[in-house]
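2 protein chains.
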Amino acid sequence: MPRPWLPPLAAFTALIVVAAASAPLHADEGMWTYDNFPSKKLGEQYGANIDAAWLDRLRLASVRLSNCSASFVSKDGLILTNHHCIESCLAEHSSTERSLIEDGFLARSREQELRCGAQVADVLVEMQDVTAEVLAATQGLDDQAANEARKRRLTALESACEKSPAKGRRGSALKCQSVTLYNGGQYFLYKYRRHTDVRLVFAPEAGVAAFGGDPDNFQFPRWCLDMGLLRAYEDGKPARIAAPLHIDFAGPAEGELVFVSGHPGATDRLLTAAQLGLLRDAVMPPTLLRASELRGRYIEFAQRGPTERRITQEPLNGLENGLKVRRKLLDALLDDELMARKRREEAELRQRVSTLPAFAGIGDPWSDIAAATATARALEQSSTFLEGGAGFNSRLFRYARVLVRAAAERQQPDSERLREFTETSLPRLEQQLAAAVPVYPELERLTLAFGLERMREWLGPDHPVVRRLLATESPQALATRLANESKLGDPAIRLALWNGGQAAIDASDDPMIRLARDVDPEARTVRKRVEDEVEAPTRVATEKIARARFAVYGTEVYPDATFTLRLNYGTVRGWTENGTAIAPFTRLERAFQRATGQDPFRIPASWLAVQDRLDLQTPFNLVTDNDIIGGNSGSPLVNVRGDIVGLIFDGNIHSIAGNYGFDPRQNRSVAVHPAIMREALDKVYAAPELLRELLAR
Amino acid sequence: MPRPWLPPLAAFTALIVVAAASAPLHADEGMWTYDNFPSKKLGEQYGANIDAAWLDRLRLASVRLSNCSASFVSKDGLILTNHHCIESCLAEHSSTERSLIEDGFLARSREQELRCGAQVADVLVEMQDVTAEVLAATQGLDDQAANEARKRRLTALESACEKSPAKGRRGSALKCQSVTLYNGGQYFLYKYRRHTDVRLVFAPEAGVAAFGGDPDNFQFPRWCLDMGLLRAYEDGKPARIAAPLHIDFAGPAEGELVFVSGHPGATDRLLTAAQLGLLRDAVMPPTLLRASELRGRYIEFAQRGPTERRITQEPLNGLENGLKVRRKLLDALLDDELMARKRREEAELRQRVSTLPAFAGIGDPWSDIAAATATARALEQSSTFLEGGAGFNSRLFRYARVLVRAAAERQQPDSERLREFTETSLPRLEQQLAAAVPVYPELERLTLAFGLERMREWLGPDHPVVRRLLATESPQALATRLANESKLGDPAIRLALWNGGQAAIDASDDPMIRLARDVDPEARTVRKRVEDEVEAPTRVATEKIARARFAVYGTEVYPDATFTLRLNYGTVRGWTENGTAIAPFTRLERAFQRATGQDPFRIPASWLAVQDRLDLQTPFNLVTDNDIIGGNSGSPLVNVRGDIVGLIFDGNIHSIAGNYGFDPRQNRSVAVHPAIMREALDKVYAAPELLRELLAR
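What follows is the structure, encoded as structure tokens:
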């Protein structure tokens with residue numbers, strides 16, 4: 248099933264997932280920025296004419312959701328994405344009695360469409376190169392000072408941008424975000440039209456959206472109707488979209504040239520060997536162990552009864568997806584051949600750079616990074632548990648930390664704040680605090696007790712924070728008390744604290760607020776150490792390497808993924824697995840044959856009821872060799888005419904290792920075929936108006 | 248807390264954990280066999296006179312339990328070992344209402360002593376070198392044939408040995424087991440006096456036996472009274488022990504020479520780099536992920552209520568111990584320096600062997616092993632789930648498999664059977680089947696559903712066995728049905744099937760027996776492939792390497808651990824951790840200061856009640872630099888006079904990596920100090936008769 252972008256679990260991953268310019272290319276790989284798309288090469292290779300107008304149209308119909316990709320598919324703001332990308336909205340409208348994830352949803356009128364409180368839909372309207380301004384701000388400073396100055400400058404640029412009248416702006420807000428490309432080889436301001444009123448229109452049942460569940464996740468052949476429809480609103484009315492994408496329900500032919508426009512979350516293709524070693528040894532194994540144990544706790548909790556099963560479904564799905572991804576990432580990192588190749592590439596670049604007079608003073612940035620990763624190893628666990636989400640693993644705690652820190656940070660000048668509390672970040676935080684997302688105390692107890700128990704295990708019972716928190720209470724008792732007594736599940740209470748500022752925080756006796764206040768000094772301390780001792784020297788060193796790379800390999804390269812809009816091309820084709828050819832299309836018939844009647848191989852009743860009226864030869868899923876990664880979930884797969892011929896929802900198992908390098912022989916994207924969408928909307932869900940809207944030109 | 252021997256979780260670990268002769272020694276490392284103890288070197292180094300009589304006395308007082316070590320400490324058969332080594336016996340006498348693990352136990356008379364149904368106590372009475380006979384049996388055969396012939400010969404030797412009248416035999420049974428030392432450089436028959444009637448005499452509460460629980464496990468400083476007392480019986484009477492060990496309750500001095508006599512389970516100090524790579528990449532990560540998830544399931548299950556907590560305690564303790572061990576083993580394997588060192592040592596040995604004319608025809612055994620490990624990688628998951636315990640993770644299933652296979656194997660000639668069903672193995676199997684160990688259906692459901700879910704994940708939903716078992720039932724539903732409907736929890740029913748042979752098995756409609764019958768063909772197939780394609784070529788190649796190693800490095804070396812009796816020496820001393828000196832002794836006072844009142848830092852009420860009468864300066868735990876590993880749990884720590892001055896129960900965290908090589912700077916053994924045993928038996932448990940028995944000369 249899912250390929251949402253996985254925000255890094257451990258604090259250090261975030262730091263070392265810096266973008267890197269790529270080495271010379273092979274095959275059709277590449278997550279290209281729209282301003283550097285290799286149209287010329289594509290023309291030579293495929294005879295396709297991809298001009299600026301074509302690119303602009305596709306870009307303006309491409310949508311970024313909170314952690315997924317999507318596209319506009321009607322003039323009335325209809326957004327096509329994956330079912331697993333809207334699971335959090337479905338969960339938001341579920342309860343202990345009813346699960347929209349299980350049951351699906353169809354709004355039969357605009358009035359029935361349900362607001363997704365925490366969702367946004369961003370459209371990239373402009374990209375502005377600000378590299379020169381950023382470099383000017385850091386010139387001549389030492390590592391730490393440069394790190395601070397860079398952040399301040401980017402904050403100021405974002406803030407000024409949002410205050411200026413921007414082209415393409417209508418009723419929706421303008422959102423400006425700085426983007427670091429090519430390891431600091433380039434800095435950009437990306438300007439988005441942001442829709443904050445996004446509503447749920449359609450979702451099939453999880454039984455067919457994620458047919459095969461976790462066992463089939465990242466597998467192919469597949470049979471998943473992993474689709475969902477949202478609608479963007481402006482001023483209470485459906486947003487008007489000038490040029491939505493058309494869906495070509497016939498789908499693509501085998502071998503056809505296809506494009507993916509979407510937001511790959513993060514790749515690590517050009518980390519140094521030292522950084523890969525950090526991931527392999529110190530980040531991935533503990534992260535995987537935590538995820539596995541939490542999975543076990545969720546699964547056993549869900550055995551208590553139907554209510555527990557319902558409320559566990561969404562967090563468990565996300566967790567299992569992340570677990571599978573990281574398992575394969577660890578496998579890739581354990582491949583000594585990958586490490587050897589990285590070392591060879593590194594040695595070659597170092598050697599070539601050493602011959603360039605312009606780089607005589609470059610020093611040894613690779614060793615600088617190695618030194619920083621040694622520090623990162625030492626800080627990894629305390630950072631993960633105190634500042635990352637591993638220790639205080641609770642939705643209520645996350646609210647509390649945002650509230651506690653926002654109160655303090657908002658008293659600082661904009662440029663001095665922690666980056667997530669700058670003025671331009673506040674509206675999104677407020678939206679998230681205001682969203683009426685259900686909080687289940689028993690789940691809070693489960694995740695928080697888990698986090699506290701592991702914090703005690705990894706930081707040790709004698710760590711000051713552990714000792715203070717658990718002096719007289721067990722982790723389970725403390726977690727139970729906090730989950731039951733905190734009132735932060737109520738949006739009104741959250742907003743009161745948000746609006747009340749430091750005085751309200753100081754006066755609060757909410758136990759979760761008190762906990763967040765209590766541990767904040769230690770959490771900030773370790774964060775600061777990471778920023779100063781790991782992030783700062785790493786950033787300086789990676790900038791140097793990026794410049795060296797440009798000098799040696801030129802600019803016909805693409806940056807590592809950064810959850811910003813990218814375009815790539817490929818073709819519809821299968822692959823060979825252990826000598827067996829895998830065909831690129833699946834058909835509906837086999838899904839019925841494969842069903843066992845038991846989750847996760849249970850086809851929903853809605854489909855069984857109309858089974859004899861369905862065209863069993865309808866294409867269901869397909870694979871292409873486009874170069875994608877988590878975050879590309881929900882991306883439109885378009886043909887050379889710019890029409891949608893598929894909906895990306897997954898990669899095959901080999902694609903996960905694509906994080907470190909693309910292998911055209913085996914890496915495949917998996918998409919929903921448009922024909923099954925039409926068959927479903929027409930015969931299973933009887934949604935003629937939706938179909939009409941999708942078919943309108 | 249615990250250091251019982253960890254039987255390998257994955258089938259392949261068992262194969263590659265073959266003994267290896269060690270490279271030249273450093274410091275006081277070495278798990279020496281009693282027939283090759285370096286008394287001369289010790290005399291030179293420490294001036295100690297360790298003669299044959301000294302060795303014989305210590306050997307005959309050393310005891311091997313099912314998966315731990317122990318020693319005789321009274322003429323009436325009293326056995327001193329660890330609390331965590333007798334947890335399974337405590338669990339055997341516990342129920343949903345009462346936990347002897349939590350409450351502790353003290354028999355105030357012989358009549359109150361409780362039989363440990365599944366326990367044995369072995370004393371090593373003779374070691375016979377049978378290398379020549381084994382080599383003669385395999386001469387000139389190809390790998391697979393040699394593998395079969397070797398097993399047949401060892402079976403025949405064991406069988407003949409048990410039928411012969413042996414010296415030192417009394418009322419107890421003679422148990423003969425073949426032992427492979429030095430990678431097949433030597434084969435021995437070890438002859439044991441086996442006590443099968445072993446009873447529980449004393450156990451403190453888990454709260455003090457495992458004070459600090461999992462967070463403190465493998466840590467030091469520590470405060471654990473990890474002791475327990477059993478008694479061996481013969482013909483219904485306490486066994487008469489001619490020369491038990493005396494306990495010197497004063498304990499040792501810092502820097503004093505001390506010995507550990509016990510049964511280290513397994514070390515991997517001289518695996519080839521290819522074998523270490525297999526462990527690092529293909530065995531450890533999935534094993535750890537499974538253990539972590541199961542841990543989460545147990546912990547969440549235990550939250551349901553006191554009954555669930557009680558019945559979960561014993562399996563959870565064992566699991567958490569194994570998890571911590573394997574985590575540190577993976578850390579050690581991820582140390583590229585270890586791998587580089589292994590490769591260097593390998594290269595040096597290869598180079599030196601290549602100059603020896605006698606080894607001209609040796610071929611390339613290192614490459615042979617690498618080829619075998621490649622096969623092992625491919626078979627690892629199917630073997631683990633179908634033949635190993637990972638898939639059918641259930642006590643009832645294990646009974647069922649033994650019964651189903653025993654019925655079939657017992658129809659074969661002794662030498663043709665699977666090794667665990669030879670005639671000499673049957674009494675122990677029957678004892679285990681007859682033991683009235685409580686089986687809790689809810690725990691069976693939990694572990695079996697877990698195993699089935701992961702089997703589906705790792706083997707895939709289309710694997711024939713998965714498809715057959717889960718065609719119409721979910722893993723949870725199937726596991727629930729099997730756990731509730733199987734009658735194999737009843738020893739009488741197990742024994743009826745055992746005695747009824749194949750006819751009884753064929754006629755049984757017990758669902759667990761049917762499952763074991765159903766999956767046996769596939770399980771046997773993968774096992775056979777492992778034996779023929781991994782074990783056989785590996786065994787031949789490791790024999791060659793062992794001979795080469797003897798030729799190059801001589802015979803003043805010790806073999807890898809094999810859960811057979813070993814003796815090693817060292818001194819009482821602390822170490823330096825991150826620049827901080829760790830003193831070798833702890834005292835009672837600090838335990839009270841460290842207690843939080845909450846598990847696992849809750850001191851039992853029995854201690855709190857007499858707190859003011861206790862000598863708070865009593866030494867509690869101590870560390871030495873003896874070279875131990877899992878399986879050494881319960882070993883006596885003796886001084887140069889052969890008196891007990893400590894009870895080994897753990898190693899420090901660095902000691903875990905000792906699996907791959909001993910580091911005298913940091914590896915430490917952790918022992919219970921005799922003074923705290925006396926203080927506890929005297930003032931806390933008021934057991935004057937026990938103390939009198941321990942003090943008697």
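Chains as they are written, first to last, in this note's numbering: chain Z, 248 to 944; chain C, 248 to 944.
Virtual Cβ for every residue (Gly too), placed ideally from N, Cα, C.
Any beta carbon from chain C within less than 7 Å of residue i's own beta carbon?
i, result
"alanine 268 (chain Z)", "The predicted model places alanine 268 (chain Z) with a pLDDT of 33, which falls under 50 and marks its position as unreliable, so this point remains unresolved."
"leucine 536 (chain Z)", "yes"
"alanine 718 (chain Z)", "yes"
"glutamine 840 (chain Z)", "no"
"glycine 826 (chain Z)", "no"
"glycine 569 (chain Z)", "no"
"isoleucine 525 (chain Z)", "Just to set this straight, residue 525 (chain Z) is leucine in the shown sequence, not isoleucine. Output row for leucine 525 (chain Z): interface = no."
Return yes when the Cβ of residue j is within less than 7 Å of the Cβ of residue i, no when it is not.
i, j, result
"alanine 456 (chain C)", "histidine 330 (chain C)", "yes"
"valine 426 (chain C)", "threonine 809 (chain C)", "yes"
"leucine 477 (chain Z)", "isoleucine 348 (chain Z)", "no"
"leucine 353 (chain Z)", "tyrosine 932 (chain Z)", "yes"
"valine 507 (chain Z)", "isoleucine 895 (chain Z)", "yes"
"histidine 510 (chain C)", "glycine 277 (chain C)", "no"
I think residue i touches residue j, with their Cβ atoms under 8 Å apart; what is that distance to the nearest whole Å?
i, j, result
"threonine 785 (chain Z)", "alanine 619 (chain Z)", "5 Å"
"isoleucine 891 (chain Z)", "histidine 442 (chain Z)", "About 20 Å; that fails the 8 Å criterion."
"leucine 577 (chain Z)", "arginine 527 (chain Z)", "7 Å"
"threonine 865 (chain Z)", "arginine 915 (chain Z)", "Threonine 865 (chain Z) to arginine 915 (chain Z), Cβ: 21 Å. No contact."
"leucine 421 (chain C)", "arginine 440 (chain C)", "7 Å"
"alanine 904 (chain C)", "alanine 500 (chain C)", "With 8 Å as the limit, alanine 904 (chain C) and alanine 500 (chain C) do not qualify as a contact, their Cβ atoms being about 28 Å apart."
"serine 755 (chain Z)", "leucine 744 (chain Z)", "6 Å"
"phenylalanine 697 (chain Z)", "arginine 544 (chain Z)", "6 Å"
"serine 721 (chain C)", "glutamine 845 (chain Z)", "4 Å"
Checking contacts by CB at 7 Å: is residue i closer than that to chain Z?
i, result
"serine 721 (chain C)", "yes"
"arginine 849 (chain C)", "no"
"phenylalanine 548 (chain C)", "yes"
"leucine 814 (chain C)", "no"
"leucine 289 (chain C)", "no"
For the alpha helix (DSSP H) that residue i lies in, which residues bound it at each end?
i, result
"aspartate 874 (chain Z)", "Segment: none, aspartate 874 (chain Z) is in no alpha helix (DSSP H) and carries neither H nor E."
"phenylalanine 644 (chain Z)", "642–656"
"valine 684 (chain Z)", "Run containing valine 684 (chain Z): none; DSSP gives neither H nor E here."
"isoleucine 348 (chain Z)", "347–350"
Looking at the structure shown, is residue i part of a helix, part of a strand, or coil, going by DSSP?
i, result
"isoleucine 243 (chain Z)", "Outside the shown range of chain Z (248 to 944) lies residue 243 (chain Z), about which nothing can therefore be said."
"asparagine 886 (chain Z)", "coil"
"tyrosine 932 (chain C)", "coil"
"serine 916 (chain C)", "strand"
"methionine 474 (chain C)", "coil"
"cysteine 332 (chain C)", "helix"
"isoleucine 558 (chain C)", "helix"
"proline 491 (chain Z)", "coil"
So residue i is in the beta strand (DSSP E); what residue range does that whole segment cover?
i, result
"arginine 813 (chain Z)", "813–818"
Taking only heavy atoms of the ligand FAD into account, decide whether any of them is closer than 6 Å to the Cβ of residue i.
i, result
"glutamate 803 (chain C)", "By its list of ligands, the structure shown contains no ligand whatsoever, and the ligand FAD lies outside what it can speak to."
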